[in-house]
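Undergrad:
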Ligand SMILES: Nc1ncnc2c1ncn2[C@@H]1O[C@H](COP(=O)(O)OP(=O)(O)OP(=O)(O)O)[C@@H](O)[C@H]1O
Ligand SMILES: [Mg+2]
């Protein structure tokens, strides 16, 4: 399962400790804390994401993974902390600007745009559209050729994701798994440098999962960075170069998939939670 | 019972000034609600601003009517900004609350004693502010046929009004079918998803609010011109809800819905009224059941009943697609 490409190689030389520094980080976060009332949902001291790698963010339910995604992408603001993407500080930058900088996310609860067709969902993703300006929208000859080019690109991606037959259907008519695929395909229309996927495999059937994995690997081959949240350990094992483990808002371990999954702290974080609910009433 | 008279009254209302006003008001709401998902419950406020903006400058300041139109558009943009800046970043329900209140504030200010000198208080403004418009009328004799009848002034409003409606509808049609319109419809579905694709949702919502509001103020121009007067109490909440009725009747997010909705709305109101009135005066409907003075109320009851039936049997409106409406359940 060892891959030989630039994105993966760093794993061999990087220290496998929480907060370890990477040779070429695209994303760096420092002292990020987010409290909801008394609850500290996220408390990340330091984390770096290697450019061109596939990094998995794992952790038990309620670990703070989605909240951390929301903070990084501007959907929520932390109580404290700083983070940067490609060297640019992202504090206070609204979500749409984060996306324009090249960091595009998907959502755990899929956000397909229901009463738009699959194709319209895709076309929406493209950046720099002349026809999206209010003044130019009324003059179709200004944007028609660009629209055709975007449509061509969308068609290619939809074929890749096996959604091309559905292009004229409303997104609401897709199955849950297909919506996950559409959301990821749509994110690619933005041509991001980094893709952040929140549970891209949830609810996707095994056959489709395999092709989704291929798509994610393909992204790395194109030089993109992927950070994804996933509960399915086989999947994490199969495609990630690096794994970061969160529990109770903190990063408790990181390293290669093999090392991390043998880590006793990680096993405890996952299983401990279950033992607690099964046996004694409260954990730490 | 004079059937020809009923037909004449009904058809003239179907194509008449009121249908134009409501079509325009509903086109604006279609931009807000149908295409962007903005709940504007203050459309009457935009109409009032349009109406007062043509009457006041001409009467009180002697400004040309054509300049007054520009003032009206400027004021409605200002009103849209005033509503949008504090609310469009918040959840959708805030806009609904703020707009309904703001429209009432506009009406209360208009009818207040403080500004009576300019705005005419609760009596409103009546005067010759529309002369520049009616001087251009080449059809001063009006139109009288067995099935259609307009006074000279009304005919001029009707002709120019429907041309305006057609023009605005055409531009709307082009715009909502452009990439810009696609962003609007996407915002209606899920703002956060649109943000994640790099679109400035706030800016788009503001554009929608302004465009729909300006069209609403144009409806106000027609309202004021056609009556050659502005009455503050015509611009109450009921006006907004009638405009919504028109939109939903036609089918939200359909570009022709406001036109057809407005025609059907006025067709029904006048037809029911005329039939009831004819029935009562010719004693076909007995006096103990409906008196002449009750006809006005009863037509709205029947109208309401009809709308209820429509919502039960054709909830998507005349033009709407039932499949599309069902998707709203976010299955
Ligand atoms: N808006 C909010 N208000 C209050 N508490 C919140 C909010 N969002 C998240 N939390 C809490 O923060 C903690 C982390 O939630 P989060 O959704 O980030 O977990 P997660 O790691 O994504 O879990 P899962 O794997 O189940 O998706 C949870 O305890 C959750 O209840
Ligand atoms: Mg989550």
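Chains as they are written, first to last, in UniProt numbering: chain A, 1 to 284; chain B, 1 to 331. For glycine and all other residues, C-beta sits at the position ideal for the given N, C-alpha and C. Quick caveat, the model's predicted, so the values are computed rather than measured.
#1: I'd like to confirm something about residue 41/A: is its beta-carbon nearer than 7 Å to some heavy atom of ligand 1, or not?
#2: So, is residue 156/B buried or exposed, given that buried needs 16 or more other C-beta atoms within 10 angstroms?
#3: Should residue 55/A be counted as a contact of ligand 1 given a C-beta to heavy atom distance under 7 Å?
#4: For my contact list, residue 48/B and residue 107/B are in at a C-beta cut-off of 8 Å; report their separation, rounded to the angstrom.
#5: Any heavy atom of ligand 2 closer than 7 Å to the Cβ of residue 198/A?
#6: Below 7 Å, is the gap between the Cβ of residue 248/A and the nearest heavy atom of ligand 2?
#7: Among all the DSSP beta bridges, which residues are the ones paired with residue 9/B?
#8: Counting only Cβ pairs nearer than 8 Å, list the residues of chain B close to residue 143/A.
#9: Pick out the complete alpha helix (DSSP H) segments inside the segment 104-177 of chain A, 4 residues or longer, and give them in chain order.
#10: Please determine whether the Cβ atom of residue 126/B lies at a distance below 7 Å from any heavy atom of ligand 1.
#11: For a contact defined as C-beta to C-beta under 8 Å, what are the partners of residue 111/A on chain B?
#12: May I ask you to verify whether the segment 71-82 of chain A touches the segment 208-220 of chain A, counting CB pairs closer than 8 Å and requiring at least 3?
#13: Check the Cβ-Cβ distances between residue 185/B and every residue of chain A, and say whether any is below 8 Å.
#14: Just verifying my parser: in three-state terms, what is the DSSP assignment at residue 201/B?
#15: With DSSP run on the structure shown, which of helix, strand or coil describes residue 190/A?
#16: Is it buried or exposed, residue 241/A, if we count other Cβ atoms within 10 angstroms and call 16 or more buried?
#17: What are the uninterrupted segments assigned as alpha helix (DSSP H) that are 4 or more residues long and contained completely in the segment 194-239 of chain A, given in chain order?
#18: With hydrogens ignored, establish whether the beta-carbon of residue 66/A is closer than 7 Å to any heavy atom of ligand 1.
#19: For the 8 Å Cβ check, are there 3 or more pairs between the segment 117-127 of chain A and the segment 183-195 of chain A?
#20: So, at 6 Å on beta carbons, what are the nonlocal neighbours of residue 110/A in its own chain, with the 5 sequence-adjacent residues on each side left out?
#21: What residues match up with residue 255/A in a beta bridge as DSSP calls it?
#22: Do the segment 236-252 of chain B and the segment 179-199 of chain B meet, that is, are 3 or more Cβ pairs less than 8 Å apart?
#23: State whether the segment 17-26 of chain B contacts the segment 258-268 of chain B, with contact taken as three or more CB pairs (one from each stretch) at a distance under 8 Å.
#24: By the criterion of Cβ-Cβ separation under 9 Å, what are the contact partners of residue 205/B in chain A?
#25: Which whole-angstrom value is the C-beta distance of residue 95/B and residue 29/B, which I expect to be below 8 Å?
#26: Is residue 105/A close to chain B, meaning its C-beta is less than 8 Å from at least one C-beta of that chain?
#27: What do you reckon, are the CB atoms on residue 56/B and residue 4/B nearer than 8 Å?
#28: Looking only at its chain, what residues have a beta carbon closer than 6 Å to the beta carbon of residue 222/B, apart from the 5 residues adjacent to it on each side?
#29: Taking 7 Å as the cut-off, does the CB of residue 210/A come closer than this to any heavy atom belonging to ligand 2?
#30: Per the DSSP calculation, residue 57/A is bridged to which residue(s)?
#31: Can we count residue 158/B as close to ligand 2, meaning its CB is less than 7 Å from some heavy atom?
#32: Secondary structure at residue 288/B, three-state DSSP: helix, strand or coil?
#33: Where does the unbroken alpha helix (DSSP H) through residue 80/A begin, and where does it stop?
#34: Starting from residue 137/B, follow the beta strand (DSSP E) in both directions and report where the run begins and ends.
#35: Any beta-carbon of chain A closer than 8 Å to the one on residue 331/B?
#36: Along chain B, which residues have their Cβ under 7 Å away from the Cβ of residue 129/A?
TA: Taking the coordinates as given:
#1: Translated into the one-based positions of the first chain, residue 41/A becomes position 41. Residue 41/A: yes, Cβ under 7 Å from ligand 1.
#2: Counting from 1 along the second chain, the entry for residue 156/B is found at position 156. Only buried fits residue 156/B, as 16 or more other CB atoms lie within 10 angstroms of its CB.
#3: One-based indexing of the first chain puts residue 55/A at position 55. No, Cβ of residue 55/A sits at least 7 Å from all heavy atoms of ligand 1.
#4: Locating residue 48/B in the second chain gives position 48, counting from the first residue. Locating residue 107/B in the second chain gives position 107, counting from the first residue. Between the beta-carbon of residue 48/B and that of residue 107/B there is about 6 Å, and that keeps the pair under the 8 Å contact cut.
#5: As a working mapping, residue 198/A is identified with position 198 in the first chain. It does: the Cβ of residue 198/A is within 7 Å (strictly closer) of some heavy atom of ligand 2.
#6: Within the first chain, residue 248/A is the residue found at index 248, counting from 1. The answer is no for residue 248/A.
#7: For the purposes of this step, residue 9/B is taken as the residue at position 9 of the second chain. Note: residue 9/B sits in no beta bridge, so no partner.
#8: Translated into the one-based positions of the first chain, residue 143/A becomes position 143. In chain order: 178 and 179.
#9: Given a length threshold of 4 residues, each whole run of the alpha helix (DSSP H) inside the segment 104-177 of chain A is given here in chain order: 118-125, 134-137 and 140-160.
#10: Numbered from its first residue, the second chain carries residue 126/B at position 126. No, the beta carbon of residue 126/B sits no closer than 7 Å to any heavy atom of ligand 1.
#11: Here residue 111/A is taken as the residue at index 111 of the first chain, counted from 1. Those are 190, 192, 193 and 196, listed as they occur along chain B.
#12: Short answer: they don't touch.
#13: Indexing the second chain from 1 puts residue 185/B at position 185. Yes, because at least one Cβ of chain A sits closer than 8 Å to the Cβ of residue 185/B.
#14: Here residue 201/B corresponds to residue number 201 of the second chain, with the count starting at 1. Per DSSP, reduced to three states, the secondary structure at residue 201/B is helical.
#15: One-based indexing of the first chain puts residue 190/A at position 190. It is coil, neither helix nor strand.
#16: Position 241 of the first chain, counting from 1, holds the residue named residue 241/A. Buried: at least 16 other Cβ atoms inside 10 Å.
#17: With a minimum length of 4 residues, the continuous alpha helix (DSSP H) runs that stay inside the segment 194-239 of chain A are 206-221 and 233-239.
#18: Here residue 66/A refers to the residue found at position 66 of the first chain. The closest heavy atom of ligand 1 lies less than 7 Å from the beta carbon of residue 66/A.
#19: Yes, they touch.
#20: Within the first chain, residue 110/A is the residue found at index 110, counting from 1. Spatial neighbours of residue 110/A in its own chain (CB-CB distance under 6 Å, excluding positions within 5 residues in sequence) are listed in chain order as 179, 180 and 183.
#21: The count along the first chain starts at 1 and reaches residue 255/A at position 255. Listed as beta-bridge partners of residue 255/A by DSSP are 243/A.
#22: These segments do not touch.
#23: Output reads yes: the segment 258-268 of chain B touches the segment 17-26 of chain B.
#24: For the purposes of this step, residue 205/B is taken as the residue at position 205 of the second chain. Neighbourhood of residue 205/B in chain A, by CB distance below 9 Å: empty, with the nearest CB roughly 12 Å away.
#25: For this step, residue 95/B is matched to residue 95 along the second chain. For this step, residue 29/B is matched to residue 29 along the second chain. Contact annotation, residue 95/B with residue 29/B: C-beta distance approximately 13 Å; criterion of less than 8 Å not satisfied.
#26: The sequence position of residue 105/A within the first chain is 105, counting from 1. It does; some Cβ of chain B falls within 8 Å.
#27: Here the question's residue 56/B lines up with position 56 in the second chain. Here the question's residue 4/B lines up with position 4 in the second chain. No, the Cβ-Cβ distance between residue 56/B and residue 4/B is not below 8 Å.
#28: Here residue 222/B corresponds to residue number 222 of the second chain, with the count starting at 1. Counting only residues of its own chain and dropping the five nearest sequence neighbours on each side, residue 222/B has a CB closer than 6 Å to the CB of 20, 21 and 161.
#29: As a first step, residue 210/A is located in the first chain; it is residue number 210 there, counting from the start. Result no, Cβ not under 7 Å from ligand 2.
#30: The residue labelled residue 57/A in the question sits at position 57 within the first chain. Residue 57/A pairs with 229/A and 244/A.
#31: Residue 158/B sits at position 158 when you count from the first residue of the second chain. Not so, every heavy atom of ligand 2 lies at least 7 Å from the Cβ.
#32: Reading the second chain from its first residue, position 288 is the one you call residue 288/B. In the three-state scheme derived from DSSP, where H, G and I count as helix and E and B as strand, residue 288/B is classed as coil.
#33: Here the question's residue 80/A lines up with position 80 in the first chain. For residue 80/A, there is no enclosing alpha helix (DSSP H); the residue is found in the beta strand (DSSP E) stretching over 80-85.
#34: The residue given as residue 137/B occupies position 137 in the second chain. Counting along the chain, residue 137/B falls outside any beta strand (DSSP E), and DSSP gives it neither H nor E.
#35: Within the second chain, residue 331/B is the residue found at index 331, counting from 1. Bear in mind that a pLDDT of 37 at residue 331/B, under 50, signals an unreliable position, so the number given afterwards is only what the model happens to contain. Closer than 8 Å: yes.
#36: By 1-based counting over the first chain, the position of residue 129/A is 129. For residue 129/A, the chain B residues whose C-beta falls within less than 7 Å of its own C-beta are 179, listed in chain order.
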